[in-house]
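In terms of the UniProt record's numbering, the sequence shown is residues 1 to 108. What follows is one structure encoded as structure tokens, with my remarks underneath.
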Amino acid sequence: MNCPRTSNQEPSNVFIMSIDTPELTHLETLPTEIFHAVVDHLPVWEIKDLSRASKRLRQACLSTLFRHVKFEFSQAGIEGLNDLLKSNVCGYITSFTYEITELLKTAT
1 MNCPRTSNQE PSNVFIMSID TPELTHLETL PTEIFHAVVD HLPVWEIKDL SRASKRLRQA
61 CLSTLFRHVK FEFSQAGIEG LNDLLKSNVC GYITSFTYEI TELLKTAT
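In structure tokens form, the structure reads like this:
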């Protein structure tokens, strides 16, 4: 459909994506308990993608994303743990694993 355009409108062949799609709006209106029941059945990578869709979905996904955290004994692991401690997600953590793999390897 070709619509007349004023100087401040986008050309008619440019599509503007909006987060306010009907599907997302319906998902965001679910009660938190039902939303968590749905999210608990998704793979982690899908929860991460979903958490980027809006602020409300991010808040709703945090408890699932950070329920179980795992770090390896390494410089990167220590830095990641330090970053986590400075963030606002510490309250969502219910289990924490610190893996020390170097000490478990046997010398050959």
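Heads up, the beta-carbon is just placed ideally off N, CA and C, and yes, glycines get one too. Since this is a predicted model, take the numbers as computed values, not measurements.
| Item | Value |
| --- | --- |
| Same chain, Cβ closer than 7 angstroms to Glu-72, neighbours up to 5 away in sequence not counted | Glu-99, Thr-101 |
| Residue from Leu-42, Trp-45, Leu-50, His-68 whose Cα sits closest to the Cα of Glu-28 | Leu-50 |
| Own chain partners of Tyr-92 with C-beta closer than 6 angstroms, once the 5 adjacent residues on each side are dropped | Leu-62, Ser-63, Phe-66 |
| Residues bridged to Thr-97 (per DSSP) | Lys-70 |
| Counted within 10 angstroms of its Cβ, other Cβ atoms place Ala-60 as buried (16 or more) or exposed | buried |
| Euclidean distance between Cα positions of Lys-86 and Glu-79 | 11 angstroms |
| Environment of Phe-35 [buried if 16+ CB atoms lie within 10 Å] | buried |
| Three-state class that DSSP yields for Ala-53 in the structure shown | coil |
| Spatial distance of Asn-88 from His-41 (CA atoms) | 25 angstroms |
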